[in-house]
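>
Protein chains: 2
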Amino acid sequence: MTRSLYFEDLQPGFKVETRAATVTDRDVAEFALRFDPQPMHLDAETAAANQFGGLIASGFHTLSLGFALFFRLDILRDSNLGSPGMEEVRWVRPLRPGDTVHMIAEVTAARASQSKPDRGVVWMRHDLYNQDGQLVMSANCMHMVKRLA
Amino acid sequence: MTRSLYFEDLQPGFKVETRAATVTDRDVAEFALRFDPQPMHLDAETAAANQFGGLIASGFHTLSLGFALFFRLDILRDSNLGSPGMEEVRWVRPLRPGDTVHMIAEVTAARASQSKPDRGVVWMRHDLYNQDGQLVMSANCMHMVKRLA
Numbered sequence: 790m791t792r793s794l795y796f797e798d799l800q801p802g803f804k805v806e807t808r809a810a811t812v813t814d815r816d817v818a819e820f821a822l823r824f825d826p827q828p829m830h831l832d833a834e835t836a837a838a839n840q841f842g843g844l845i846a847s848g849f850h851t852l853s854l855g856f857a858l859f860f861r862l863d864i865l866r867d868s869n870l871g872s873p874g875m876e877e878v879r880w881v882r883p884l885r886p887g888d889t890v891h892m893i894a895e896v897t898a899a900r901a902s903q904s905k906p907d908r909g910v911v912w913m914r915h916d917l918y919n920q921d922g923q924l925v926m927s928a929n930c931m932h933m934v935k936r937l938a
Numbered sequence: 790m791t792r793s794l795y796f797e798d799l800q801p802g803f804k805v806e807t808r809a810a811t812v813t814d815r816d817v818a819e820f821a822l823r824f825d826p827q828p829m830h831l832d833a834e835t836a837a838a839n840q841f842g843g844l845i846a847s848g849f850h851t852l853s854l855g856f857a858l859f860f861r862l863d864i865l866r867d868s869n870l871g872s873p874g875m876e877e878v879r880w881v882r883p884l885r886p887g888d889t890v891h892m893i894a895e896v897t898a899a900r901a902s903q904s905k906p907d908r909g910v911v912w913m914r915h916d917l918y919n920q921d922g923q924l925v926m927s928a929n930c931m932h933m934v935k936r937l938a
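Protein sequence lines, in the order shown, are assigned to chains A and B. The opening position of the first sequence corresponds to residue 790 in the working numbering, with each subsequent residue numbered one higher. The opening position of the second sequence corresponds to residue 790 in the working numbering, with each subsequent residue numbered one higher.
Here's what the structure looks like:
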């Protein structure tokens, strides 16, 4: 990226794809121990007998990892004013140790702020796919971004 | 908790409060380095000049920490079948290093599954508050839970 993108750049149809990342056994266990110590994320024996048939990453790990790939694109480097929130977060398929995922993010709506002329809200659909091209997670996230000066 | 709660226990009005946890400088930096390496989470000097007036935790850290408090209640220990997703995630106020937060979670709706008689979806509103009683984050999360046998 040569420069950060701004509100004017992030109009409906704008789409980016991130690099891919592989999640390891250790990644899954570390996140779970810290934030989501349920057996389905930590106990291989219990997990083998559950409806997923094995260990799966915490949904919050899946979210964090997916958005990590997005933030590392660095496209909002100088323009990001934070996010008011998300809608339609969906954990569609389990993220399993060994899976390699990438995110595709696409602007679905962009609205200039009425009260603050220096910024606007950009809605992006963030889809996380695994190595088989299957949708793992999806979320519609608001990004508050600066307008070009 | 003497026993895990099930679908029948988790009806509208059911409400729990978690213990409190304090987020440290190091917690904020560690999470950000791994998942959200933006200056507002990592660079004190840049952050001091932004609209938040200082370092703030990643929104995904705030989410993960809030739900960590909830999962550690262990009330879904034997009944949790995973979550299909969340709606209305709102980052209302920044989570700052040194803040002490707790979560209040309340069932807003519970629907038995039509296709699978052993389970139901429980909607819970999860509100994260800081030490001043201010709402930091809110999310409506679906929990797929087992019915009592």
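Beta carbons are placed, not taken as given, at the ideal position from N, Cα and C, and that holds for glycine. Values in this document were obtained by computation on a predicted structure and should not be read as measured data.
(1) If you run the structure through DSSP and keep just helix, strand and coil, what is residue 939 of chain B?
(2) Please compile the residues from chain A whose C-beta is within a distance smaller than 7 Å of the C-beta of residue 875 of chain B.
(3) Which term fits residue 900 of chain B, buried or exposed, when burial requires 16 or more other beta carbons within 10 angstroms of its beta carbon?
(4) Could you check whether residue 886 of chain B and residue 937 of chain B sit closer than 9 Å to each other, using their CB atoms as the reference points?
(5) List, in chain order, every chain A residue whose beta-carbon is nearer than 8 Å to that of residue 919 of chain B.
(6) For residue 877 of chain A, I'd like the list of residues in its chain whose CB is within less than 6 Å of its CB, leaving aside the five on either flank, ordered along the chain.
(7) Please name the residue or residues paired with residue 831 of chain B in a DSSP beta bridge.
(8) Helix, strand or coil: how does DSSP classify residue 914 of chain B here?
(9) May I ask you to verify whether the region 846-859 of chain A touches the region 821-834 of chain A, counting CB pairs closer than 8 Å and requiring at least 3?
(10) Since I believe residue 902 of chain A is in contact with residue 896 of chain A (beta carbons under 8 Å), could you give me their beta-carbon distance rounded to a whole number of angstroms?
(11) My assumption, with CB atoms under 8 Å, is that residue 856 of chain B sits in contact with residue 915 of chain B. Please give the rounded CB distance.
(12) Could you check what DSSP says for residue 934 of chain A in three-state terms: helix, strand or coil?
(13) Report the partner residues of residue 891 of chain B according to the DSSP bridge assignment.
(14) Do you know how far the Cα of residue 795 of chain A is from the Cα of residue 865 of chain A?
(15) Rounded to whole angstroms, how far is the Cβ of residue 894 of chain B from the Cβ of residue 805 of chain B, which I believe are closer than 8 Å?
(16) Using the rule of at least 16 other Cβ atoms within 10 Å of the residue's Cβ for burial, across every protein chain shown, is residue 837 of chain B buried or exposed?
(17) Output yes if chain B places a C-beta closer than 9 Å to the C-beta of residue 824 of chain A; else output no.
(18) Would residue 904 of chain B be called buried (16 or more neighbouring beta carbons within 10 Å of its own) or exposed?
(19) Give a yes or no on whether the minimum CB-CB distance between residue 871 of chain B and chain A is below 9 Å.
(20) Express the C-alpha separation of residue 918 of chain A and residue 880 of chain B in angstroms, rounding to a whole number.
(21) Using 8 Å for Cβ pairs, my map puts residue 925 of chain A next to residue 869 of chain A. What's the rounded Cβ distance?
(22) So, are the CB atoms of residue 891 of chain A and residue 833 of chain A less than 9 Å apart?
(23) Residue 853 of chain B touches chain A at which residues, Cβ-Cβ below 7 Å?
(24) Among A/840, A/922, A/830, which one has its Cα closest to the Cα of residue 908 of chain B?
(25) Please confirm if residue 900 of chain B has its CB atom under 9 Å from at least one CB of chain A.
(26) The beta strand (DSSP E) that contains residue 806 of chain B, what's its start and end?
(27) Please report whether the beta-carbon of residue 865 of chain B lies at a distance below 9 Å from any beta-carbon of chain A.
(28) With a 10 Å radius around its C-beta and 16 neighbouring C-beta atoms as the bar for buried, classify residue 906 of chain A as buried or exposed.
(29) Could you pull the DSSP bridge partners for residue 874 of chain A from this structure?
(30) Would you say the beta carbon of residue 895 of chain B is closer than 8 Å to some non-hydrogen atom of the ligand MG?
(31) My understanding is that residue 941 of chain A touches residue 793 of chain A, with C-beta atoms under 8 Å, so please give their C-beta distance in whole angstroms.
From the atom records:
(1) Residue numbering for chain B in the displayed model covers 790 to 938; residue 939 of chain B lies beyond these limits and cannot be assessed.
(2) Contact annotation for residue 875 of chain B against chain A: 878 [CB-CB distance below 7 Å, chain order].
(3) Here residue 900 of chain B is exposed: its Cβ has fewer than 16 other Cβ atoms, across all protein chains shown, within 10 Å.
(4) No; because the gap between Cβ atoms is not below 9 Å, this pair is not in contact.
(5) Residues of chain A passing the Cβ test: none, with the nearest at roughly 17 Å.
(6) Around residue 877 of chain A: 929.
(7) DSSP lists no bridge partner for residue 831 of chain B.
(8) Residue 914 of chain B sits in a strand when the DSSP states are folded into three classes.
(9) Counting Cβ pairs under 8 Å, three or more are found: they touch.
(10) The C-beta distance from residue 896 of chain A to residue 902 of chain A rounds to 16 Å, too long to meet the 8 Å contact threshold.
(11) Between residue 915 of chain B and residue 856 of chain B the Cβ distance is about 7 Å, and since that is below 8 Å, they are a contact.
(12) The answer is strand: DSSP assigns residue 934 of chain A an E or B state.
(13) DSSP lists B/918 as partners of residue 891 of chain B.
(14) Between residue 865 of chain A and residue 795 of chain A, the C-alpha separation is close to 7 Å.
(15) 5 Å between Cβ atoms; contact.
(16) Classification for residue 837 of chain B: exposed.
(17) For residue 824 of chain A, a Cβ of chain B is located within less than 9 Å of the residue's own Cβ.
(18) Residue 904 of chain B comes out exposed.
(19) A Cβ of chain A is located within less than 9 Å of the beta carbon of residue 871 of chain B.
(20) Between residue 880 of chain B and residue 918 of chain A, the C-alpha separation is close to 25 Å.
(21) Not really, about 24 Å apart at Cβ, beyond 8 Å.
(22) The answer is no: Cβ separation not under 9 Å.
(23) Here the neighbours are 824, 849, 853.
(24) Ranking the options by Cα distance to residue 908 of chain B, first place goes to A/840.
(25) Not flagged as an interface residue toward chain A: residue 900 of chain B, since no C-beta distance is shorter than 9 Å.
(26) That run of the beta strand (DSSP E) goes 804-806.
(27) Answer yes: the Cβ-Cβ gap between residue 865 of chain B and chain A drops below 9 Å somewhere.
(28) The C-beta of residue 906 of chain A has fewer than 16 other C-beta atoms within 10 Å across all chains shown, which makes the residue exposed.
(29) For residue 874 of chain A, which the question treats as bridged, DSSP gives the partners B/879.
(30) Questions concerning the ligand MG fall outside what the structure shown contains, since it holds no ligand whatsoever.
(31) There is no way to answer for residue 941 of chain A, as the model of chain A reaches only from 790 to 938.
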